[in-house]
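Trainee: According to this note's numbering, numbering within the sequence shown proceeds without interruption in unit steps and concludes at 845. Heads up, the beta-carbon is just placed ideally off N, CA and C, and yes, glycines get one too.
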Amino acid sequence: ALKSGRVSTQQGSTDYNQYLRFGTNGLTTMYVDYTADKDDNVGDYLVIQGIRNTPFFEYQLEFESGFQSKLDDCTSSTCSLDDLEDTRINIFGTDYTIVDTSLTSSQGISLELMGGDVSDTLREGETKTYTIDGTDYEVSVVFISNPNSGNIAAKLAVNGELTSELEEGETDTLSGGLEIGVRSILVNDREGIVEFFLGADKITLTDSNYTDGAFDNSSAFEVGTENIEDAAVKIVGSLTGSFADDSEFQITDIRYRLTADPISDSQVDSGTDGFGIAPGHGVREYLKEPQGMLNPTWDLRYEGLTQPEITEVKLDPSGDDKYDLVFTNLAGKEYEVRFVEGTTGDVLAFGNDEGNDHFWFMEGTYNNGSANTMATCNAYGMSEDDYFLVSNMGGNTFDDTAYSYVLQFDSFEEDDGIYKATFNDLATGDDREVVISTSSLWSGAGAGTLTVGGYDYDVVVCDVNAINPKILVDLNGNDSITLNDEARVTVKGGAILDLSDADTWAANNATANNVTMMLVTPASNFDEQTQGNDTLSWMVVSRANQEVGISTSSLTYTRGSTTRDSTTTPDWNPTEPQDNDELTLEMTDFGALVELNDPSGSDEAETLTIHYPEEQVEAQVFVVAGSVERTESGSGGSVTTTKLNPITVGLAMLDKDAPAVGSTNMIVVGGPCANTVAAELLNSGADCTEGFTPGKAMIKSFEHAGGKVSLLVAGYSAQDTVAASYVLAQYEDYDLSGSEVEVVAADLSSIQVNTVG
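1) Is the distance from the Cβ of Asp128 to the Cβ of Glu683 below 8 Å?
2) Does Glu429 pass the burial test, meaning 16 or more other C-beta atoms within 10 Å, or should it be called exposed?
3) Going by DSSP, what residue range makes up the beta strand (DSSP E) through Gln148?
4) If you draw a straight line from the alpha carbon of Tyr298 to that of Leu607, how long is it in whole angstroms?
5) Would you list the one or two residues that DSSP bridges to Lys410?
6) Measure how close the beta-carbons of Val579 and Asn417 come, nearest whole angstrom, since I'm counting them as under 8 Å.
7) Let's test the definition: count the other Cβ atoms within 10 Å of the Cβ of Ala98 and tell me whether it reaches 16, buried, or not, exposed.
8) Whole angstroms are fine: how far does the CA of Gly181 sit from the CA of Thr730?
9) Report the residue from Asn572, Thr604, Gln807 whose alpha carbon sits nearest the alpha carbon of Leu587.
10) What's the C-alpha gap between Asn601 and Tyr411?
11) Report yes if the CB atom of Leu681 is closer than 8 Å to the CB atom of Val401, and no otherwise.
12) State whether the region 706-715 contacts the region 384-395, with contact taken as three or more CB pairs (one from each stretch) at a distance under 8 Å.
13) Excluding the 5 residues preceding and the 5 following Gln840 in the sequence, name in chain order all residues of the same chain whose CB lies nearer than 8 Å to its CB.
14) If contact is defined by three or more beta carbon pairs under 8 Å, each pair taking one atom from either stretch, is the region 534-554 in contact with the region 564-574?
15) Answer yes or no: do Gly534 and Tyr507 have a C-beta to C-beta separation smaller than 8 Å?
16) Roughly how many angstroms separate the alpha carbons of Gly794 and Gln617, rounded to a whole number?
17) Assess, as a yes-or-no matter, whether the region 165-172 is touched by the region 240-256 under the definition of 3 or more beta carbon pairs within less than 8 Å.
18) Does the distance from the CB of Tyr225 to the CB of Gly203 come in under 8 Å?
19) Suppose you measure from the CA of Gly114 to the CA of Asp408; what does that come to, to the nearest Å?
20) For Tyr133 versus Ile351, is the C-beta distance shorter than 8 Å?
21) Going by Cα to Cα distance, which pick from Leu274, Leu286, Val275, Ile281 is closest to Asp260?
22) Considering only residues of the same chain and omitting the five flanking positions on each side of Asn685, which have a CB-CB separation below 7 Å?
23) Can you round the beta-carbon distance between Tyr107 and Gln148 to whole angstroms, since I take them to be within the 8 Å contact cut?
24) Which whole-angstrom value describes the C-beta separation of Val552 and Thr526, a residue pair presumed to lie in contact below a C-beta threshold of 8 Å?
25) Where do the N-terminal and C-terminal ends of the beta strand (DSSP E) with Thr97 fall, by residue?
26) If we ignore side chains and look at the alpha-carbon of each, how far apart do Ser798 and Phe790 end up?
27) Flag Glu472 as yes if its beta-carbon sits less than 8 Å from any beta-carbon of chain C, otherwise no.
28) Is it buried or exposed, Gly724, if we count other Cβ atoms within 10 angstroms and call 16 or more buried?
29) From Lys91 to Leu388, what does the alpha carbon distance come to, in whole angstroms?
30) If I'm right that Phe449 touches Val425 with Cβ under 8 Å, what's the distance once you round it to whole angstroms?
31) Look up Met462 in the DSSP assignment and give the residues it is bridged to.
32) Can you check which of these residues, Met627, Glu502, Phe486, Asp667, is closest to Gly582 by C-alpha distance?
33) Residue range of the beta strand (DSSP E) that Tyr804 falls in?
34) Smallest Cα separation from Glu336: which of Gly264, Glu502, Asp160, Glu317?
35) State the DSSP-derived secondary structure class of Thr764, mapped to helix, strand or coil.
36) So Met675 is in the beta strand (DSSP E); what residue range does that whole segment cover?
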């Protein structure tokens, strides 16, 4: 739709380029946010901020060597640019013809352009039928005025409905909404001919000063005869010589901006002066003046968020005095463990205090500061039925690749002089036996190695001769049992759950009035890593009568060093949906949906559920456009409107800009003759067509070290590649199994897919 082209006049030729810009150089900010509209409909929206005050897009038409014309028909105040008239320019996928021009002595300029589904010529009394999008339109030239009677005008009939008398450059709208426009009228004494557009789209661009480099927003843009109030136009031109016939003028740049005005406040985001576009919708449908989009064939659409697999991190109340922690580790094992419990004195204890089964995620010690002793080990050790977290973090305190497990110290026994400690995996129920050997740490000490998930954790038994000995475990897998070393949970998806902000570990298990927890997504897990870590935090609190809860005001979100709130952009503002005043919803930048359920009118504990994605959730924002194929002449015009393939903003790039193969997941489109990345994947030689057959294409996956995958979509010809791209886009309709399929396509209506190998 933004294709380059070339345009020629009698004064010379120039290449032209088209650009579409968002969010830069005076344009408003756009982002996807999980928020609410004015009707409290909570969800994800494409938010265009400050939409009533600041332009949200800029279109540019650049003429590399200048679009040149001589001045004609000059008066003291106006001239025309006849060389520009009748030239055709493609704007955003639609061909427009310049039908009228005007230059003023005060350095103003106006360009009138007309396009349409059908362009044709008819003689007076002649009739033809044209088909547009499946509908037939019978067009007749009923009357052309006598040139000696004044202004030349024509009257046409479309399916029997008469138009107004139309002069050159004028349009009329029929009862069904279809526009017809007259490009030119040629008459002589014998007959007349009318050149017209059916499905006409007439636009007028005006700049009151083509030399000042500023945008003109006063009656600068018209569609048909309607002025678009929120539009601004900048035309950059230069005049060589005096304001008179045959002087030379050229246009080097045309720019267009739109400050949008929504139909209803119900689409304005409640947190900012923004405009929210719901999934499955585009900007155009919400605007009071959709004609202001410059061209009827393009839109900015929001198709919602991607939907990767989801895992839950949950603090689930058990009654009003206990919280269970639910999570799934990187191995896909789901754990549900007692996390905290209210106790006497209205303080919190980790684990099941009532059953005296403590939950350990911070290490104790056997060193009293000067020596390794049994007494110190017993003071900081865990007992039978206690359960503990192990995570192979090593020296990395926030490791998104660590495997986390919760095990219970089930028993310790001696059999024929062999000591064994048994541990139970709380996700699977599997028992793990550890042989304990006597240790030189002190008399009676024992030591062994607990292996979980392929990683080893040191175990120290304080007194192998005790009936119920206590033990210490290297919880974070760094080969050292050190006081206050903390194990953290790495959940499926790569977030790290920090279970407490406590700096110390009491010898009899930690107690506190509140516990602050954090869920951290490392910056390295984002496609764009410059903004820093994604950190969600909240506080579990003790309440009167040994009850527990989550402080709703403590639920905060930080990205990098910036703490979000209702005033930031994007904001953090947990919001109640329209139909549930006990629930608040928000979403992190990574795409974790946060639900906090706060039962109203009761002392029940709150429930926190975090729906965490296994990969970053992506916003699907598309620029969509259509190109119109025009029938120039013939006995009955048949017109087909073709939609271009949607382009995902920010996701597509040229092969020269692509990252190294294997460094990230990629979809590579095009064969090795056109795409250097494809050539690298296929190890192509001098004959880049080797292995390809006309009429066939491949969709083939390549697995790289590190788990990254490249998917190649390539055919012998461009049409073959288009067919394979169509199959991939409609993957649900085809059997795409194995590592490679062959696509055989005579055309897009006849496609066969075969599994290779």
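Mentor: According to the structure data:
1) For the purposes of this step, residue 128 is taken as residue 40 along the sequence shown, with counting starting at 1. For the purposes of this step, residue 683 is taken as residue 595 along the sequence shown, with counting starting at 1. Against a cut-off of 8 Å, the Cβ pair of Glu683 and Asp128 comes out as no contact.
2) For the purposes of this step, residue 429 is taken as residue 341 along the sequence shown, with counting starting at 1. Buried, by the Cβ-count rule.
3) The count along the sequence shown starts at 1 and reaches residue 148 at position 60. Looking at the DSSP string, the run of the beta strand (DSSP E) that includes Gln148 is 145-158.
4) Within the sequence shown, numbered from 1, the residue matching residue 298 stands at position 210. Within the sequence shown, numbered from 1, the residue matching residue 607 stands at position 519. Between Tyr298 and Leu607, the C-alpha separation is close to 56 Å.
5) Reading the sequence shown from its first residue, position 322 is the one you call residue 410. Answer is Glu429, bridged to Lys410.
6) As a working note, residue 579 is residue 491 in the sequence shown. As a working note, residue 417 is residue 329 in the sequence shown. At roughly 7 Å, the Cβ-Cβ gap stays under 8 Å, so Val579 and Asn417 are in contact.
7) Position 10 of the sequence shown, counting from 1, holds the residue named residue 98. The sequence shown places Gln at residue 98, rather than the Ala named in the question. The residue in question, Gln98, is exposed, as its Cβ has fewer than 16 Cβ neighbours within 10 Å.
8) Mapped onto the sequence shown, residue 730 falls at position 642. Mapped onto the sequence shown, residue 181 falls at position 93. Confidence is the limiting factor: at Thr730 the pLDDT is only 32, short of 50, which leaves the residue's position unreliable, though a coordinate-based value still follows. Computed Cα separation, rounded: 10 Å.
9) If you number the sequence shown from 1, residue 587 lands on position 499. The residue with the shortest Cα to Cα distance from Leu587 is Thr604.
10) Translated into the one-based positions of the sequence shown, residue 601 becomes position 513. Translated into the one-based positions of the sequence shown, residue 411 becomes position 323. Taking the straight line joining both Cα atoms gives about 14 Å.
11) Position 593 of the sequence shown, counted from the start, is the residue given in the question as residue 681. Position 313 of the sequence shown, counted from the start, is the residue given in the question as residue 401. Not in contact: Leu681 and Val401 (Cβ atoms no closer than 8 Å).
12) yes
13) The residue given as residue 840 occupies position 752 in the sequence shown. If we look at Gln840 and ignore the five residues flanking it on each side, its Cβ neighbours are Val831, Val832, Ala833.
14) yes
15) Taking the first residue of the sequence shown as 1, we reach residue 534 at position 446. Taking the first residue of the sequence shown as 1, we reach residue 507 at position 419. Yes.
16) Against the sequence shown, residue 794 aligns to sequence position 706. Against the sequence shown, residue 617 aligns to sequence position 529. In a straight line, the C-alpha of Gly794 is about 19 Å away from that of Gln617.
17) no
18) For the purposes of this step, residue 225 is identified with residue 137 of the sequence shown, where counting begins at 1. For the purposes of this step, residue 203 is identified with residue 115 of the sequence shown, where counting begins at 1. No; because the gap between Cβ atoms is not below 8 Å, this pair is not in contact.
19) For the purposes of this step, residue 114 is identified with residue 26 of the sequence shown, where counting begins at 1. For the purposes of this step, residue 408 is identified with residue 320 of the sequence shown, where counting begins at 1. The straight-line gap from Cα to Cα measures roughly 53 Å.
20) For the purposes of this step, residue 133 is taken as residue 45 along the sequence shown, with counting starting at 1. For the purposes of this step, residue 351 is taken as residue 263 along the sequence shown, with counting starting at 1. Contact flag unset, no.
21) Here the question's residue 260 lines up with position 172 in the sequence shown. The shortest Cα separation from Asp260 among Leu274, Leu286, Val275, Ile281 belongs to Leu286.
22) The residue given as residue 685 occupies position 597 in the sequence shown. Counting only Cβ-Cβ distances below 7 Å, and skipping sequence neighbours, we find Glu670, Leu671, Glu694, Thr695.
23) Position 19 of the sequence shown, counted from the first residue, corresponds to residue 107. Position 60 of the sequence shown, counted from the first residue, corresponds to residue 148. At roughly 4 Å, the Cβ-Cβ gap stays under 8 Å, so Tyr107 and Gln148 are in contact.
24) Indexing the sequence shown from 1 puts residue 552 at position 464. Indexing the sequence shown from 1 puts residue 526 at position 438. About 7 Å; that satisfies the 8 Å criterion.
25) The residue you call residue 97 lines up with position 9 of the sequence shown. Element bounds for Thr97: 93-97.
26) Position 710 of the sequence shown, counted from the start, is the residue given in the question as residue 798. Position 702 of the sequence shown, counted from the start, is the residue given in the question as residue 790. Cα-Cα distance, rounded: 5 Å.
27) The displayed structure is made up of one protein chain only, and chain C is not part of it.
28) For the purposes of this step, residue 724 is taken as the residue at position 636 of the sequence shown. Low local confidence applies: a pLDDT of 35 at Gly724 is under 50, so the model's placement there is unreliable, with the coordinate-based value given in what follows. That one is exposed.
29) In the sequence shown, the residue the question calls residue 91 occupies position 3. In the sequence shown, the residue the question calls residue 388 occupies position 300. So the two alpha carbons sit approximately 18 Å from each other.
30) As a first step, residue 449 must be located in the sequence shown, where it is residue number 361. As a first step, residue 425 must be located in the sequence shown, where it is residue number 337. Going by Cβ atoms, the distance from Phe449 to Val425 rounds to 10 Å, so no, they are not a contact pair.
31) As a position in the sequence shown, residue 462 is number 374, starting the count at 1. Note: Met462 sits in no beta bridge, so no partner.
32) Position 494 of the sequence shown, counted from the first residue, corresponds to residue 582. Considering only alpha carbons, the answer is Phe486.
33) If you number the sequence shown from 1, residue 804 lands on position 716. Neither: Tyr804 is in no beta strand (DSSP E) and is coded neither H nor E.
34) For the purposes of this step, residue 336 is identified with residue 248 of the sequence shown, where counting begins at 1. The shortest C-alpha separation from Glu336 is found at Asp160.
35) Locating residue 764 in the sequence shown gives position 676, counting from the first residue. Helix.
36) Against the sequence shown, residue 675 aligns to sequence position 587. 671-675 is the span of the beta strand (DSSP E), which, as asked, contains Met675.
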